[in-house]
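Encoded as structure tokens, the structure appears first; notes follow it.
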Ligand code: AMP
Ligand code: MN
Ligand code: MN
Ligand code: MN
């Protein structure tokens with residue numbers, strides 16, 4: 017088992033727990049090194065770090081940036097980023113910018129299919145109004161009795177071809193990777209098994225083109241063990257890591273009790289042969305004195 021959990025969300029994005037409660041739950045469940053990776057925001061890191069210090073666990077400064085690449089929405093996790101690096105601060109602020117307008121359009125689309133009052137309802141679930149997103153809409157649609165749970169919302173609403181879906185332009189891949197690496201962080205392709213064309217996983221030739229481009233831009237790692245991957249996908253993405261010389265990352269992608277496939281906590285080991293992403297910060301060789 018790995019005692020690293022390098023992907024999770026707090027109320028600063030679309031998680032249900034505050035950064036403090038998230039760190040406490042992680043520590044209780046055996047995590048020794050936790051990265052908080054809120055969507056398009058780094059405001060929770062100070063609070064999470066203070067809690068982690070009290071709890072005796074290590075906090076890695078993280079973020080998960082939304083990216084548009086070709087026709088896909090991708091998520092790029094940054095680990096060990098510097099939250100005071102201005103291009104990163106400004107960059108994630110620019111990604112957050114369009115979310116309010118998108119939310120209005122999502123509510124209009126739902127209203128056209130007979131579901132009203134959703135905008136106000138969704139904002140009630142948003143701990144951080146500048147980060148309003150589909151999860152907050154999903155929670156409201158559950159609360160108001162339109163769906164039985166969040167995952168059934170994402171089958172019937174808010175996705176391509178369904179009411180409430182609004183296409184959106186997120187950050188460019190080059191920008192997201194640049195903000196992360198420019199701040200001294202490692203860019204990680206998050207949950208590659210989640211990128212789909214229709215109902216099928218992104219094809220291997222497209223994924224290879226993506227990985228080549230990601231690496232050329234400075235990307236260094238790929239999530240192999242993810243709460244949204246099956247064990248078969250751990251093996252599949254471990255093979256891509258080997259083929260492309262990428263480091264392997266692991267994270268639950270926890271959003272809240274009862275809402276995520278996998279809780280915070282210890283994750284299954286990497287398949288044999290993976291080089292863990294923490295090599296990049298734990299074995300960093302000190303600079304030779306001039
Ligand atoms: P947004 O950035 O507003 O498009 O929202 C993306 C978020 O929606 C993801 O980070 C997940 O938290 C959530 N999400 C997307 N698809 C699903 C799904 N099938 N089941 C549960 N949550 C989902
Ligand atoms: Mn999310
Ligand atoms: Mn994601
Ligand atoms: Mn995530």
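Numbering (the numbering used here), first residue to last: 17 to 306. Yeah, the Cβ is synthetic: ideal placement off N, Cα and C, and Gly gets one too. None of the values given here were measured: they were computed from a predicted structure.
In terms of alpha-carbon separation, which member of 146, 231, 18, 23 lies closest to residue 189? 231
Quick test of your reading: residue 146 and residue 112, contact by CB under 8 Å. State the CB separation rounded to the nearest angstrom. 5 Å
When you compare the segment 156 to 170 with the segment 58 to 72, are there three or more beta-carbon pairs, one atom per stretch, that lie closer than 8 Å? no
To the nearest angstrom, how far is it from the Cα of residue 153 to the Cα of residue 135? 8 Å
Under three-state DSSP, which class holds residue 180? coil
Ignore the nearest five residues each way along the sequence and tell me which others in residue 184's own chain have a CB closer than 6 Å to its CB. 118
Sequence-distant residues of its chain with Cβ nearer than 6 Å to residue 90 (five each side left out): 83
As assigned by DSSP and simplified to three states, the class of residue 231: helix
Assuming residue 131 and residue 162 are in contact, meaning their beta carbons sit under 8 Å apart, how far apart are those beta carbons, in whole angstroms? 6 Å
What's the call for residue 27, buried or exposed, on a 16-neighbour Cβ count within 10 Å? buried
Does the segment 26 to 40 touch the segment 233 to 244, meaning 3 or more C-beta pairs lie closer than 8 Å? no
What does the Cβ neighbour count give for residue 261, buried or exposed, with the cut at 16 atoms within 10 Å? exposed
Taking 7 Å as the cut-off, is the C-beta of residue 165 nearer than that to any heavy atom in ligand 4? no
Name the DSSP beta bridge partners of residue 292, please? 264
Measure from the alpha carbon of residue 292 to the alpha carbon of each residue in 280, 264, 42, 114, then state which is nearest. 264
Report all residues from its chain with a CB closer than 8 Å to the CB of residue 73; omit the five preceding and five following residues, and keep chain order. 39, 42, 43, 47, 48, 49, 50
Which term fits residue 227, buried or exposed, when burial requires 16 or more other beta carbons within 10 angstroms of its beta carbon? buried
Residues in the same chain with beta-carbon distance under 8 Å from residue 217, minus the five sequence neighbours each way, listed in chain order, please. 209, 211
Pick from 201, 192, 256, 151: whose alpha carbon is nearest that of residue 181? 151
In or out: residue 17 buried (at least 16 other Cβ within 10 Å) or exposed? exposed
Beta-carbon separation (whole angstroms), residue 115 vs residue 92, contact threshold 8 Å: The pair is not a contact, with the Cβ atoms about 17 Å apart (cut-off 8 Å).
Go ahead and pull the three-state DSSP assignment for residue 96. coil
Take residue 253 as the anchor and find which of 85, 299, 220, 108 has the nearest alpha-carbon. 220
Please list, in chain order, all residues of the same chain as residue 143 whose beta carbon is under 6 Å from its beta carbon, the five residues on each side excluded. 27
Would the beta-carbon of residue 88 be found less than 7 Å away from any heavy atom of ligand 4? no
Host beta strand (DSSP E) of residue 239 (start-end): 237 to 242
Do you know whose CA, among 294, 257, 173, 194, lies nearest residue 240's CA? 257
Could you tell me which residues DSSP pairs with residue 84 in its beta bridges? 89
Which of helix, strand or coil DSSP assigns to residue 205: strand
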